[in-house]
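Residue numbers (this note's numbering), protein chains in the order written: chain A, 122 to 604; chain B, 2 to 221.
Input: a single structure, listed below in structure tokens.
The structure is reproduced here in structure tokens:
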């Protein structure tokens, strides 16, 4: 059984890497798009078999435990549906000439490299390896954001590049400090960077060094999460890149960065002398939430608006994990899953909308339910879900976050609820214009499959109505681990 | 003997901080690149000395990368790009040199206070190395925010990254140092290629020689 687990672990990493090499070499849109979907599907199956087989022993480089398996399954699932969406989306981009065949080849290869880098980050048991994987993920997304080569896209890619690089540099400094803290206790060499070894011995580490390390790590990886003072790259990168990449950025990459923060938070929590990492995360989370909620009002570009909504939701998730305790952690996990599913569904819809209307501006997009019923209603459901209305899944997770805040820190519930309501208002205000009224712009049918979008929305709805007990048990177990 | 090893390591790491200060006030792009090459050279020497002091052979690889790639290849490439784009004259800084230098001194003091206090227990060589490394990192950040053009920002980032390599080599026996320095080299290579290929239009417009000259012409 363990052998199967090892095989599955290898497969989760090797399939994306091998298909990236293959996709870089193969010409032709039809084959490569299908191969991309197939590779994502195989990775998903490998991840599922990793979930159900016996866990391999944590090694020096890789680790599978209850915490990261949630992320891996979510990651590979959304990567699969996004690749299906991307096939239809890219066909249109190719037809309109925004992408040339050579860039298309590059795009597919980069998509798989990104999947590899994210899976590697999640599976890494070595904090140095984790850092390298996050760097690779950053570089691939930078290249993909700039793929249209318009001045705006290049500017967005450059901004993302510089801010992402600074974040990565700070995270490396934090990683070195963690190693320095481990040095006297664990001894020299590779063991002092292995997370499972660190967590066993962390009680004896020098707390002052750990504190300093966490500040650097939170700022560094927090840049990639898009937490408030460090979020400036996020709206541009979402708005100017291809929409499948916006979906992957919002739905997956932000989670992966948050996962890195959570790993280090666990280290700090296990050291009695270190500061509590929670309040710092709560502060950054609340700031992001309130700031992004207000920023939602003045947006003219539909992708930019949903990018701000991602900052808002990452703020809620960081806040929930910062609050800690079984209930808040459970709510944070659930919210993360629901946000990933909903936000990528929204970006699927937005991608098709931008293609049929030929614009991303709100002024050019009106009356979608009349001109494109399937698309319009799908987007409507998605926005209603992301705004946090019942009976969809996000309502439930937000309700849990708010209620646990009332129970644990009632004063903090004021800014939390304020941010939620302000964001809610902005989304519904925009939704009215988008979905109803006189249709404007192009009315040509989208000619794409809505299956990925509706599949995500169905899952979000199902989770809002009924969570199966095994899933609840699983999440409760993980929430307990997070402390 | 130990004392000497320690002093030389100290000297080289301190030299890196000093060169970071030199970078802060350069107002010509070519001069900036030359100083950056010096920065990378001092880093290479410091890393090589650490390799000798710690008996860690793999660090010589890091030193060689620093020397060949950062001290020779990257400045050379940037020289050519600047010549090609015709932007060699002057750099626009956001803040004047005086305040920038004062802020730099403040940052060095801050990193000394923070690191020396926090790392009481660590071994003294690593401890002071780390304090110097944090100073270099902070000075690099300062340089990035005080420069308005892409090349200036990139040089700031590269000097910041040199500080990180210094920190990583100072931490005794840290694994993956070579891999990390290779990963960073890839990052830098991409940035440099990015400047050339992407041309960063908006940013370069602000350092356009003609624009600067026109401003000059209007002055009495």
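Positions of the beta carbon are idealized from the N, C-alpha and C atoms, including for glycine.
Per DSSP, what kind of secondary structure is residue i in: helix, strand or coil?
i                      : result
residue 8 of chain B   : helix
residue 94 of chain B  : strand
residue 415 of chain A : helix
residue 477 of chain A : helix
residue 150 of chain B : coil
residue 609 of chain A : Missing from the structure shown is residue 609 of chain A; chain A here goes from 122 to 604 and no further.
residue 183 of chain A : strand
residue 247 of chain A : strand
residue 280 of chain A : helix
residue 212 of chain B : Only weak support is given to the placement of residue 212 of chain B: the predicted model assigns it a pLDDT of 40, under 50, and the question is left unresolved by the model.
residue 482 of chain A : strand
CB-CB under 7 angstroms to residue i, same chain, minus the five flanking residues each way: which ones, in chain order?
i                      : result
residue 298 of chain A : 330, 333, 334, 337
residue 372 of chain A : 199, 461, 464, 465
residue 600 of chain A : 447, 450, 451, 454
residue 539 of chain A : 411
residue 160 of chain A : 136, 137, 140, 233
residue 491 of chain A : 560
residue 326 of chain A : 302, 303, 306, 392
residue 541 of chain A : 509, 519
Between residue i and chain D, is there a C-beta pair that is closer than 7 angstroms?
i                      : result
residue 125 of chain B : Here the protein chains are A and B, and chain D is not one of them.
Ordered along the chain, which non-local residues of its own chain (more than five positions away) have a Cβ less than 6 angstroms from that of residue i?
i                      : result
residue 205 of chain B : Caution applies to residue 205 of chain B, whose pLDDT of 45 falls short of 50 and renders its modelled position unreliable; the model cannot decide the point.
residue 547 of chain A : 417, 418
residue 552 of chain A : 504
residue 562 of chain A : 478, 485
residue 214 of chain A : 220
residue 212 of chain B : Here residue 212 of chain B scores only 40 on pLDDT, less than 50, and its place in the model should not be relied on; the value that follows carries that caveat. Around residue 212 of chain B: no qualifying Cβ.
residue 438 of chain A : 453, 456, 457
Counting along the chain, where does the alpha helix (DSSP H) carrying residue i start and finish?
i                      : result
residue 388 of chain A : 375–390
residue 424 of chain A : 423–444
residue 27 of chain B  : From DSSP, residue 27 of chain B is part of no alpha helix (DSSP H); its letter is neither H nor E.
residue 201 of chain A : 187–217
residue 364 of chain A : 364–369
residue 504 of chain A : 494–508
residue 517 of chain A : 514–529
residue 78 of chain B  : 75–86
residue 361 of chain A : 354–361
residue 573 of chain A : 572–586
Excluding the five sequence neighbours on either side, which residues of its own chain have a C-beta within less than 8 angstroms of the C-beta of residue i, listed in chain order?
i                      : result
residue 243 of chain A : 189, 192, 193, 196, 377, 380
residue 565 of chain A : 477
residue 65 of chain B  : 45
Residues of chain A with CB closer than 7 angstroms to the CB of residue i, please, in chain order.
i                      : result
residue 161 of chain B : 290
residue 184 of chain B : 253, 256
residue 10 of chain B  : Chain A residues near residue 10 of chain B: none, gap ~16 angstroms exceeds 7 angstroms.
residue 180 of chain B : 253
residue 119 of chain B : 329, 330, 333
residue 51 of chain B  : Result: empty, since nearest Cβ-Cβ is about 14 angstroms, beyond 7 angstroms.
Would you mind telling me which residues of chain B sit closer than 8 angstroms to residue i, beta carbon to beta carbon, in chain order?
i                      : result
residue 314 of chain A : 175, 176, 177
residue 286 of chain A : 158, 188, 192
residue 301 of chain A : 120, 123, 127, 131, 172
What residues of chain B sit near residue i, judged by a beta carbon separation below 9 angstroms?
i                      : result
residue 385 of chain A : The premise fails here: residue 385 of chain A is roughly 17 angstroms from chain B at the closest Cβ pair, so nothing lies under 9 angstroms.
residue 304 of chain A : 123, 124, 127, 172, 173, 174, 175
Residues of chain B with a CB under 7 angstroms from the CB of residue i: which are they?
i                      : result
residue 309 of chain A : 173, 174
residue 294 of chain A : 138, 165, 168
For a contact defined as C-beta to C-beta under 8 angstroms, what are the partners of residue i on chain A?
i                      : result
residue 115 of chain B : 333
residue 142 of chain B : 287
I want to check one thing, is the minimum distance from the CB of residue i to the heavy atoms of the ligand NAP below 6 angstroms?
i                      : result
residue 422 of chain A : For the ligand NAP, the structure offers nothing, since it holds no ligand at all.
Pairing CB atoms from the segment 125–132 of chain A with CB atoms from the segment 163–171 of chain A, are three or more of them under 8 angstroms?
yes
Would you call the segment 121–140 of chain B and the segment 159–175 of chain B touching, i.e. three or more CB-CB distances under 8 angstroms?
yes
Count Cβ pairs between the segment 483–492 of chain A and the segment 502–519 of chain A that sit closer than 8 angstroms; are there 3 or more?
no
Could you tell me whether the segment 123–131 of chain B touches the segment 102–109 of chain B, where touching means 3 or more Cβ pairs closer than 8 angstroms?
no
Could you tell me whether the segment 284–302 of chain A touches the segment 401–415 of chain A, using the rule of 3 or more Cβ pairs below 8 angstroms?
no
Determine contact between the segment 60–76 of chain B and the segment 177–195 of chain B, defined as no fewer than three beta-carbon pairs at a distance below 8 angstroms.
yes
Count Cβ pairs between the segment 34–43 of chain B and the segment 16–25 of chain B that sit closer than 8 angstroms; are there 3 or more?
yes
Mind the definition here: the segment 302–312 of chain A touches the segment 280–293 of chain A only if three or more C-beta pairs lie below 8 angstroms; say whether that holds.
no
Quick check: the segment 312–320 of chain A against the segment 237–256 of chain A, are there 3 or more CB pairs under 8 angstroms?
yes
State whether the segment 248–255 of chain A contacts the segment 145–159 of chain A, with contact taken as three or more CB pairs (one from each stretch) at a distance under 8 angstroms.
no
With three or more C-beta pairs closer than 8 angstroms as the rule, is the segment 266–275 of chain A touching the segment 170–185 of chain A?
no
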